[in-house]
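**Q** Okay, here's the structure, questions in a sec.
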Amino acid sequence: MKIYAQRARHHHHRLLSLLAHWRWWVALILIIIFGTSFFLAGAYAHSKDFFALVVRPALAENVRIPFNYVQGLFSNPTHLSISLKHEDFQKLAYKRSEALERGILIAEDDDWVNATISQAGQAYKADIRLKGDWIDHLAGRKWSFRVKLDDGALMGMKRFSLHHPKARNFLYEWVYQQALRREDILSLRYTFVTVDVNGRYLGVYALEEHFSKELLESQSRREGPILRFNENLLWADRVASNLGSVNESPTGLQDPEASLVDAFRVNSLLSNPVLSRDFLLAQDLLNMYRRGERHLGEVFDVERLARFFALSKVLGAEHATQWHNLRFYYNPITSLLEPIGFDGDAGKNIGDVAMPELFPETEFQEAYLGALEEFSESSYMDQLLADIAPELARERRRLYRSYPYMHFTEDVFYENQRTLRAALNPAQGIRAHLVELGRDEVALDIGTTQYLPVRVLGLQIGDELLKPYGKDINMPGRKEGALPEFKRLRFLLPLSLRGDKAVLDGAHVLYGVLGTSVTREAGILPWIGVSDPERSNPAIRAATIRAFSFLSIDNSLKEVTVRPGVWAVERDLVIPAGYSFIVAAGAELNLARQAMILSYGPVRFLGTEAMPVVVRSHDGGGQGMVVMRAREESLLRYARFEGLAPPMRDGWELTGAVTFYESPVTIERSYFAENSAGDDMLNIVRSTFSITDSVFNKALSDAFDGDFVTGTISGTSFLRSGGDAIDVSGSVITVEGITIDGVGDKGVSIGEASEATLTDINITNALVGIASKDGSKVTARDLLISETTTGLAAYQKKLEYGPSSLSVMGLELKSVETPMFVETKSVVVVDGEKAPEQEEGWYEELYGEL
1 MKIYAQRARH
11 HHHRLLSLLA
21 HWRWWVALIL
31 IIIFGTSFFL
41 AGAYAHSKDF
51 FALVVRPALA
61 ENVRIPFNYV
71 QGLFSNPTHL
81 SISLKHEDFQ
91 KLAYKRSEAL
101 ERGILIAEDD
111 DWVNATISQA
121 GQAYKADIRL
131 KGDWIDHLAG
141 RKWSFRVKLD
151 DGALMGMKRF
161 SLHHPKARNF
171 LYEWVYQQAL
181 RREDILSLRY
191 TFVTVDVNGR
201 YLGVYALEEH
211 FSKELLESQS
221 RREGPILRFN
231 ENLLWADRVA
241 SNLGSVNESP
251 TGLQDPEASL
261 VDAFRVNSLL
271 SNPVLSRDFL
281 LAQDLLNMYR
291 RGERHLGEVF
301 DVERLARFFA
311 LSKVLGAEHA
321 TQWHNLRFYY
331 NPITSLLEPI
341 GFDGDAGKNI
351 GDVAMPELFP
361 ETEFQEAYLG
371 ALEEFSESSY
381 MDQLLADIAP
391 ELARERRRLY
401 RSYPYMHFTE
411 DVFYENQRTL
421 RAALNPAQGI
431 RAHLVELGRD
441 EVALDIGTTQ
451 YLPVRVLGLQ
461 IGDELLKPYG
471 KDINMPGRKE
481 GALPEFKRLR
491 FLLPLSLRGD
501 KAVLDGAHVL
511 YGVLGTSVTR
521 EAGILPWIGV
531 SDPERSNPAI
541 RAATIRAFSF
551 LSIDNSLKEV
561 TVRPGVWAVE
571 RDLVIPAGYS
581 FIVAAGAELN
591 LARQAMILSY
601 GPVRFLGTEA
611 MPVVVRSHDG
621 GGQGMVVMRA
631 REESLLRYAR
641 FEGLAPPMRD
651 GWELTGAVTF
661 YESPVTIERS
671 YFAENSAGDD
681 MLNIVRSTFS
691 ITDSVFNKAL
701 SDAFDGDFVT
711 GTISGTSFLR
721 SGGDAIDVSG
731 SVITVEGITI
741 DGVGDKGVSI
751 GEASEATLTD
761 INITNALVGI
771 ASKDGSKVTA
781 RDLLISETTT
791 GLAAYQKKLE
801 YGPSSLSVMG
811 LELKSVETPM
821 FVETKSVVVV
831 DGEKAPEQEE
841 GWYEELYGEL
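Residue numbering for the sequence shown follows the UniProt record's numbering, starting at 1 and increasing by one per position.
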């Protein structure tokens, strides 16, 4: 087998070499021959007047094959060589024969075999098995594989799939994944590579990332469980009942309601206390939603969920929205589920515009239709395709290497957009019937005539817009094959219109398709229609801000203000979205009995030097402050946070005593001290920030932790931190004029592909002064590091990242045991001189075996 593999590779590489030598001549000859032939054919075609019917489709599908093939020759895809022992290859072959016999591949735990995957001279030990549900994944020689690497990461991935490009409709799936990523919706890395197995060249494969923490971290998410609806019952039932591709089963085992909620690598999750806690909470939330015990917004990131479904619709990738293909990431910070795009089979013409049945709530429908309106504009598609054009051309050429006949057209996307625009802009959306014109009110029966839900905005009479009595003015779309369902809405007439029998002459109802921006008009039919008088009111949770006597609420300005004084907060203080939380100078909030402050709007702490704003917990049970997805910038000025712990609510646990998530913030002359629990005193995530002239004192672990942030820290002191003084990952920061005195770990830790500029930094009494790790780049000037174990360090801790660099101009070291550590491939340059690299082992020696 090895001799055969070596010979096959030799002949294959020799052939490629010969083709590369002659491909210019091949290209020129083919272009001349086909160009001349079709010039003559075109002339004849026009003369017979069948150009549009015959020649144009031929040009689109077939004429370009030789030109495409030449482009493929000039492409340079990544090449993977898979080596299997004979007995392992035979095990896969036997599994394939079983699947071909039953018509479905049923994956089992013992399907995996050992393999070696080589790429660009690097060999990776791996486990590999067949993958795919239907046997089209196993046709011919081109079998589909699931791969998990034992060590290292290939193109940043440890787990991925290899399958025939047609399994995901060739290039369309790549476009779909790029479009999702562009919208900050979790997607899979997807590209096209060439593959040989045991020396047999199999041509171009699609490489698709599988579900792992590398997927999450590459898109600025913290590690968390990835959930799915387990589809084992579905496939087992299809095998047992011999129903093939039929989705309806007499057993009910193919229904989504019969499926189990589980997660990828669930055993690994359960062995980790944090991830186990997250998984148990996440699956519980999803199951409670399925049982109707939780609202949509309590379980899902509604905006991302809606935009995922909308983009899948526009790109003809609705296969990704079928229940057994849905994948959800549990975000441990928001305690919400985010969708992950998978197996879209994109590029299909949409057959209808029916609303997704899995999420019937108005909150989802409004967000979904609003996203459809945005995505269905031709300008959106123009910009998307322009943004990805260079990479699209590259991937197309790679596919042409094995599939020069592949036809990719952007027209299908624009056709889908036209279909959706027509649905979102109906000629008539509602029908309104007059039920009663009373002395002081008008009653109308209103029903939808088309498939999409609508929102009734009011009754327009002259210059008066009358709102209905009830708050439930959203109406479902008409069901296919059913008559409109009517609701009775009542409108109070103003005094100036009462008693006028002709008051409705020229009147009309204003409405819009739910979630969209266009206001439409409907006339009123002067006779009664069939109506359904039942009305439902959504459950409304009372705002907690009204439970606190020390708060002033201004609904016109959307402000909630804490008056000066010392106030006890013994239950959660929740500020709703759209309101600003303002704390006046001299106000002190004492959080007790595990109470916390949770604000969905910006906070403004307006203290002074003489009268700071104070948030503390005398009993040690106060669970800090969280600012979540505030649209506007927050301000903390002369604010003090003392003795706080992170929020812990039924499995939702944050790391920071004070947390800002997707909420920009400016912090000036503030003080953070002695958090009673948690990894971070201050945690800022996916936000911009500025910290000036502030103090962090006696942090239990890290003083400041920034994840995927952009910001500055200046004129600030970090004193006696149990962990790192400054710790950032996936971020871009500037630090200037700071003092760090006494840290249990690193003074400044820059990690996970971050970039940092440091100036005028004084670090005393640390384990490590400044660390650049995992693909980060640090530029520093004027550093003083004293009484520290290791001054500078550059290394790689996580395999999915690369080596790091640290460049310093003006470095002074005093009483430093090890001036610097530079791991192999990482770089440290001090005053223009490159420091020597060292062998591995420094990290273990300093921190102990992990």
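Where is the CB? At the ideal position from N, CA and C, for every residue including glycine.
What ranges does the beta strand (DSSP E) occupy inside the segment 285-357, keeping only unbroken runs of at least 3 residues that lie completely in it?
**A** Counting whole runs of 3 or more residues, the segment 285-357 contains the beta strand (DSSP E) stretches 327-331 and 336-340.
**Q** Is Leu-269 helix, strand or coil when you go by DSSP?
**A** Leu-269: helix per DSSP, three-state reduction.
**Q** With a threshold of 16 other CB atoms inside 10 Å of the CB of Gly-711, please say whether the residue is buried or exposed.
**A** The residue in question, Gly-711, is buried, as its Cβ has 16 or more Cβ neighbours within 10 Å.
**Q** So what does DSSP say about Asp-184, is it helix, strand or coil?
**A** In the structure shown, Asp-184 sits in coil (DSSP, three-state: anything other than H, G, I, E or B).
**Q** If you draw a straight line from the C-alpha of Asp-831 to the C-alpha of Leu-92, how long is it?
**A** Answer to the nearest angstrom: the Cα atoms are 57 Å apart.
**Q** What residue from Ile-761, Leu-700 and Phe-74 has the CA that sits closest to Leu-811's CA?
**A** Answer by Cα proximity: Ile-761.
**Q** Can you list the beta strand (DSSP E) stretches of 3 or more residues lying completely in the segment 795-844, in chain order?
**A** Those beta strand (DSSP E) runs which fall completely within the segment 795-844 and span 3+ residues are 805-822 and 827-830.
**Q** Between the alpha carbons of Glu-844 and Phe-581, how many angstroms are there, rounded?
**A** Each residue's alpha carbon lies about 46 Å from the other.
**Q** Which value, in whole angstroms, describes the spacing of the CA atoms of Gln-254 and Arg-431?
**A** The alpha-carbon atoms of Gln-254 and Arg-431 are separated by roughly 39 Å.
**Q** By the three-class DSSP mapping on this structure, what secondary structure does Lys-773 have?
**A** Note: Lys-773 maps to strand in three-state DSSP.
**Q** Kindly give me the distance between the Cβ atoms of Leu-260 and Pro-225, rounded to whole angstroms, as I take these residues to be in contact under 8 Å.
**A** That belief does not hold up - the Cβ atoms of Leu-260 and Pro-225 are roughly 14 Å apart, past 8 Å.
**Q** How many Å lie between Leu-358 and Ala-780 at the Cα?
**A** Going from the Cα of Leu-358 to the Cα of Ala-780 covers about 53 Å.
**Q** From the DSSP output, in three-state form, read off Gln-417 for me.
**A** Gln-417 falls in the helix class under three-state DSSP.
**Q** Is it the case that the Cβ atoms of Ala-423 and Gln-383 are separated by a distance below 9 Å?
**A** Against a cut-off of 9 Å, the Cβ pair of Gln-383 and Ala-423 comes out as no contact.
**Q** Check each candidate in Asn-169, Thr-716, Ser-687 and Asn-683 and name the one with the smallest Cα separation from Asp-702.
**A** Looking at the Cα atoms, Asn-683 is the closest of the given residues.
**Q** Hey, how far is the Cα of Ile-104 from the Cα of Ser-241?
**A** Each residue's alpha carbon lies about 12 Å from the other.
**Q** If I measure Cβ to Cβ from Arg-294 and keep anything under 6 Å in the same chain, skipping five residues before and after, which residues do I get?
**A** Taken in chain order, the residues that qualify are Met-288.
**Q** Check whether the segment 146-153 touches the segment 125-134, taking contact to mean three or more Cβ pairs, one atom from each stretch, closer than 8 Å.
**A** At 8 Å Cβ cutoff, the stretches touch.
**Q** Can you tell me whether DSSP reads Asp-49 as helix, strand or coil?
**A** Low confidence applies here, because Asp-49 scores a pLDDT of 43, under 50, leaving its location unreliable; read the following figure in that light. Coil, per DSSP.
**Q** Would you call the CB atoms of Asp-727 and Asp-741 closer than 9 Å?
**A** Not a contact, by the Cβ cut-off of 9 Å.
**Q** Just to confirm the assignment: which complete beta strand (DSSP E) runs, minimum length 3, are found wholly within the segment 75-147?
**A** Entirely contained in the segment 75-147, the beta strand (DSSP E) runs reaching 3 residues are, in chain order, 79-83, 113-119 and 122-130.
**Q** Using 10 angstroms around the beta-carbon of Asp-301, count the other beta-carbons present and answer buried if the total reaches 16, otherwise exposed.
**A** Buried.
**Q** With respect to the alpha helix (DSSP H) encompassing Trp-527, which residues constitute its N-terminal and C-terminal limits?
**A** Where Trp-527 is concerned, there is no enclosing alpha helix (DSSP H), given that its DSSP letter is neither H nor E.
**Q** Taking only the alpha-carbon atoms, compute the straight-line gap between Ala-306 and Val-314 and give it to the nearest angstrom.
**A** Looking at the two C-alpha atoms, the distance is approximately 12 Å.
**Q** Following the continuous alpha helix (DSSP H) through Val-239, name the residue where it begins and the one where it ends.
**A** From DSSP, the alpha helix (DSSP H) with Val-239 extends over 232-241.
**Q** With a Cβ-Cβ cutoff of 9 Å, do Ala-598 and Ser-617 count as a contact?
**A** Note on residue identity: the sequence assigns Leu, not Ala, to residue 598. Against a cut-off of 9 Å, the Cβ pair of Ser-617 and Leu-598 comes out as no contact.
**Q** Locate the beta strand (DSSP E) running through Gln-365, then write down its first and last residues.
**A** No beta strand (DSSP E) contains Gln-365, which is instead part of the alpha helix (DSSP H) from 362-375.
**Q** Can the beta-carbon of Leu-215 be found closer than 9 Å to that of Arg-222?
**A** Contact: no.
**Q** Measuring CA to CA, which of Lys-825, Ala-568, Val-768 and Leu-437 is closest to Thr-789?
**A** When each option's Cα is compared against that of Thr-789, the closest is Val-768.
**Q** Which residues share a DSSP beta bridge with Asn-762?
**A** Answer is Thr-739 and Leu-784, bridged to Asn-762.
**Q** Helix, strand or coil for Tyr-176 per DSSP?
**A** Helix.
**Q** State the DSSP-derived secondary structure class of Glu-485, mapped to helix, strand or coil.
**A** In the structure shown, Glu-485 sits in coil (DSSP, three-state: anything other than H, G, I, E or B).
**Q** Let's test the definition: count the other Cβ atoms within 10 Å of the Cβ of Ala-794 and tell me whether it reaches 16, buried, or not, exposed.
**A** Buried is the call here.
**Q** What separation, rounded to the nearest whole angstrom, lies between the Cα atoms of Gly-678 and Arg-304?
**A** About 29 Å.
**Q** Per the DSSP calculation, Gly-203 is bridged to which residue(s)?
**A** The partner list for Gly-203 (beta bridge, DSSP) reads Val-195.
**Q** Could you name the residues of the same chain whose beta carbon sits closer than 6 Å to that of Tyr-172, not counting the 5 residues immediately before and after it, in chain order?
**A** Ala-346 and Gly-347, listed in sequence order.
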